[in-house]
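Student:
Numbering (my numbering), first residue to last: 3 to 151.
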């Protein structure tokens with residue numbers, strides 16, 4: 003399967019270069035805000051065996067109702083949203099590294115993937131999509147219901 007590439011972000015590249023330069027000079031430990039808002043994307047594992055393919059995505063703090071799995075023209079798309087908890091007025095946040103908001107990951111399926119035989123389950127923050135191998139390939143758009151495992 004192929005991962006669809008994201009558009010190049012020069013601000014992220016500049017921030018990474020700045021971080022490497024600061025580490026080289028020994029200027030570590032400074033707290034700073036990123037130069038641009040970062041969108042998050044869940045980490046995914048893709049595996050294959052003799053019967054099919056498996057895509058596993060880490061989705062901590064995401065509810066099953068906030069996940070949508072679609073299949074369109076040989077492209078499997080995982081999308082949803084991780085909602086941020088409401089901040090308390092008397093709480094001061096010192097560091098925020100967890101990302102919130104919408105996400106989307108898309109993967110091109112191989113020619114032997116059976117688009118009619120796709121199952122998605124969600125348990126303990128892990129979304130698992132299993133695609134069976136087949137000789138024929140369907141081209142219809144299909145939404146896959148996510149079940150609780």
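Ideal placement from N, C-alpha and C gives every residue a C-beta, glycine not left out. Since this is a predicted model, take the numbers as computed values, not measurements.
According to DSSP, what are the bridge partners of residue 100?
Tutor: Counting from one through the chain shown, the residue named residue 100 turns up at place 98. According to DSSP, which records beta bridges pairwise, residue 100 is partnered with nothing at all.
Student: Report, in whole angstroms, the separation of the C-beta atoms of residue 107 and residue 80, which I expect to be a contact under 8 angstroms.
Tutor: Residue mapping note: residue 107 aligns to position 105 of the chain shown, counting from 1. Residue mapping note: residue 80 aligns to position 78 of the chain shown, counting from 1. Yes, residue 107 and residue 80 are in contact; Cβ-Cβ is about 5 angstroms, under 8 angstroms.
Student: Considering Cα atoms alone, identify which of 60, 95 and 74 is closest to residue 83.
Tutor: For this step, residue 83 is matched to residue 81 along the chain shown. With distances taken between Cα atoms, residue 83 lies closest to 60.
Student: As a quick exercise: from 143, 151 and 64, pick the residue whose alpha carbon is nearest that of residue 72.
Tutor: As a working mapping, residue 72 is identified with position 70 in the chain shown. Ranking the options by Cα distance to residue 72, first place goes to 143.
Student: Mark residue 95 as exposed unless 16 or more other C-beta atoms lie within 10 angstroms of its C-beta, in which case mark it buried.
Tutor: Along the chain shown, read from residue 1 onward, the residue named residue 95 stands at position 93. It is exposed - the Cβ of residue 95 has fewer than 16 other Cβ atoms within 10 Å.
Student: Which residues bound the alpha helix (DSSP H) around residue 49?
Tutor: Mapped onto the chain shown, residue 49 falls at position 47. Careful: residue 49 lies outside any alpha helix (DSSP H), inside the beta strand (DSSP E) at 46 to 50.
Student: Can you round the beta-carbon distance between residue 150 and residue 66 to whole angstroms, since I take them to be within the 8 angstroms contact cut?
Tutor: As a working mapping, residue 150 is identified with position 148 in the chain shown. As a working mapping, residue 66 is identified with position 64 in the chain shown. Contact holds; Cβ gap of about 6 angstroms.
Student: Apply the 10 Å Cβ neighbour rule to residue 122 and answer buried if 16 or more other Cβ atoms are within range, or exposed otherwise.
Tutor: As a first step, residue 122 is located in the chain shown; it is residue number 120 there, counting from the start. So residue 122 ends up on the buried side.
Student: For residue 50, which of 62, 26, 133 and 148 has the nearest alpha-carbon?
Tutor: What you label residue 50 is simply residue 48 of the chain shown in a count that begins at 1. It is 133.
Student: Given a cut-off of 8 angstroms, decide if residue 48 and residue 57 are closer than it, judged by their beta-carbon atoms.
Tutor: Translated into positions along the chain shown, residue 57 becomes position 55. Translated into positions along the chain shown, residue 48 becomes position 46. Yes; because the gap between Cβ atoms is below 8 angstroms, this pair is in contact.
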